[in-house]
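Structure record follows, encoded as structure tokens.
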């Protein structure tokens, strides 16, 4: 099969995982080029095509270029409508968009701020007050999600088959499991969310994209330097 | 004309403005019931329909519900394809998604963090270091956008007509003009970005939705409390 194009991304980046998963479910191949932070994204070859110099970045075989992970994932997802990644009708598509946005802004963003702040030590001015703020925000959203998933017979977000929403949520929940959600949270507080994560990441087609969960035993604590 | 449904939102909220604009350009009407922060979003009537209790939130005449501003705006934009808010083909569609996501994550969110931190005093742990971090992020993104718009004969983002991307960007740029972009920045550093803003909000159909820009003369400075 000919790859549909090139993806500049990192295999451990959540957005890259979502795009590769969407391609795999659609039966499409994307070329994931080797990427080294600080080298590839500063190379003239890359910055000429993508002046914002961020990843993921996509270029198809005709030179059509896209940036912004969710836009790339959505574009890939609609190339093969029969794969059902965007639902089966306009309302389901809107619900997929809703859950993708929710996953990104309500779970991934606060969990990532904590990850970048504590684990990576790369968020200037990150402090205990903020850690608490983002953690509370994520917990409020996780509770809402837990209640919603408890009401879903299929255990999936929109209908009975895997959609882009389920994939993106799994990447966000993976980040939450590396920061805010320890064993106790995953097993006792948000069991439906982590059952959803297991369901998505155990799908044979995309298992290798997600790799090891890398979860923490206990919720990451703030440490002043 | 019958409204297509109810939108719970606030007329000054960027996401609400985008949805209302998308409806108007599409020739559709949406009901915007009165909304009072701390009252409406805590009422049982609202929280039963929308347990996350955030705005905007949409319900159509058949009870179909959606949350997440960009998802609602995209759904509304899809109802009248001839209005071309989502472009004319799959690639333009994807470019619109790209610019919507860029506008939200690269301009609106960091500008909002500064707005919420300084103007609203409501971002715990917000510090001068962080203000600088977010401001730099916005400036990097605005530079990229300025260079891109310089290459666009129409002065619009995707094709020759107004799309959802232009509307969403205008709402984000409005927030940038209320925080990080003073007179000098708007006139000398990012003239095309603000020419785009003017072009969008001067469209007779949506002028009243955007209201007064509320721009600052000078970028907001961080002040210790």
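Residue numbers (our numbering), protein chains in the order written: chain A, 1 to 225; chain B, 226 to 450. We put the CB at the ideal spot given by N, CA and C, even for glycine. Quick caveat: nothing in here was measured; it's all calculated off a predicted structure.
Quiz item: Quick one, which residues of the stretch 266 to 292 of chain B are near chain A if we go by CB-CB under 7 angstroms, in chain order?
Solution: 276, 277, 289, 291, 292
Quiz item: Do residue 110 of chain A and residue 358 of chain B have their CB atoms nearer than 7 angstroms?
Solution: no
Quiz prompt | Neighbourhood of residue 304 of chain B by C-beta distance below 8 angstroms, restricted to the same chain and skipping five residues each side | solution = 229, 251, 253
Quiz item: Which one or two residues does DSSP pair with residue 7 of chain A in a beta bridge?
Solution: A/32, A/58
Quiz item: Less than 7 angstroms separating the beta-carbons of residue 291 of chain B and residue 98 of chain A?
Solution: yes
Self-check item: Close-in-space but distant-in-sequence residues of the same chain around residue 403 of chain B (CB under 7 angstroms, 5 per side omitted)
Solution: 340, 439, 440, 441
Self-check item: N- and C-terminal bounds of the alpha helix (DSSP H) containing residue 301 of chain B
Solution: Run containing residue 301 of chain B: 294 to 303, per the alpha helix (DSSP H) assignment.
Quiz item: Which residues mark the beginning and the end of the beta strand (DSSP E) in which residue 374 of chain B is found?
Solution: Per DSSP, residue 374 of chain B belongs to no beta strand (DSSP E); it is in the alpha helix (DSSP H), 353 to 375.
Practice problem: Indicate whether at least one CB of chain A lies closer than 7 angstroms to the CB of residue 336 of chain B. | Solution: Not one chain A Cβ lies under 7 angstroms of residue 336 of chain B.
Quiz prompt | chain A contacts from the stretch 303 to 330 of chain B (Cβ-Cβ distance under 9 angstroms) | solution = So the list reads 303, 304, 315, 316, 318, 319, 320, 321, 322, 323, 324, 325, 326, 327, 329, 330, given in the order they occur along the chain.
Quiz item: If you draw a straight line from the alpha carbon of residue 313 of chain B to that of residue 307 of chain B, how long is it in whole angstroms?
Solution: 9 angstroms
Quiz item: Is the CB of residue 350 of chain B under 7 angstroms away from at least one CB in chain A?
Solution: yes
Exercise. Along the alpha helix (DSSP H) that carries residue 164 of chain A, what are the first and last residues, could you check?
Key: 164 to 176
Practice problem: Run the CB neighbour count on residue 47 of chain A, radius 10 Å, all protein chains shown included, and call it buried at 16 or more, exposed below. | Solution: exposed
Quiz prompt | For residue 230 of chain B, the residue or residues it bridges with in DSSP | solution = B/285
Quiz item: Unbroken alpha helix (DSSP H) runs of length 4 or more, entirely within the stretch 228 to 264 of chain B: which are they?
Solution: 239 to 250
Quiz item: Is residue 91 of chain A helix, strand or coil when you go by DSSP?
Solution: Helix, per DSSP.
Exercise. Name the one or two DSSP bridge partners that residue 65 of chain A has.
Key: A/59
Quiz item: Can the beta-carbon of residue 182 of chain A be found closer than 7 angstroms to that of residue 213 of chain A?
Solution: no
Self-check item: chain A contact for residue 299 of chain B (CB, 7 angstroms cutoff)
Solution: yes
Quiz item: Between residue 108 of chain A and residue 172 of chain A, is the Cβ-Cβ spacing less than 7 angstroms?
Solution: yes
Self-check item: Span of the alpha helix (DSSP H), counted from its first residue to its last, around residue 136 of chain A
Solution: 128 to 150
Self-check item: Which of helix, strand or coil DSSP assigns to residue 348 of chain B
Solution: coil
Self-check item: CA nearest to the CA of residue 410 of chain B, picked from B/319, B/363, B/325, B/315
Solution: Closest in C-alpha terms to residue 410 of chain B, from the list B/319, B/363, B/325, B/315, comes B/363.
Quiz item: So, is residue 33 of chain A buried or exposed, given that buried needs 16 or more other C-beta atoms within 10 angstroms?
Solution: exposed
Exercise. Could you tell me whether any Cβ in chain A is nearer than 7 angstroms to the Cβ of residue 358 of chain B?
Key: yes
Quiz prompt | Pairwise C-alpha distance: residue 202 of chain A and residue 295 of chain B | solution = 30 angstroms
Quiz item: Is the distance from the Cβ of residue 336 of chain B to the Cβ of residue 401 of chain B below 7 angstroms?
Solution: Residue 401 of chain B is positioned such that its CB atom lies closer than 7 angstroms to that of residue 336 of chain B.
Quiz item: Starting from residue 194 of chain A and walking both ways along the alpha helix (DSSP H), at which residues does that stretch end?
Solution: 191 to 201
Practice problem: Check whether the stretch 318 to 331 of chain B touches the stretch 271 to 282 of chain B, taking contact to mean three or more Cβ pairs, one atom from each stretch, closer than 8 angstroms. | Solution: no
Quiz item: With DSSP run on the structure shown, which of helix, strand or coil describes residue 279 of chain B?
Solution: coil
Quiz item: Between which two residues does the alpha helix (DSSP H) containing residue 440 of chain B stretch?
Solution: Segment: none, residue 440 of chain B is in no alpha helix (DSSP H) and carries neither H nor E.
Quiz item: Would you say residue 371 of chain B faces chain A, with C-beta separation under 7 angstroms as the test?
Solution: Taking Cβ atoms only, chain A never reaches closer than 7 angstroms to residue 371 of chain B, which makes this a no.
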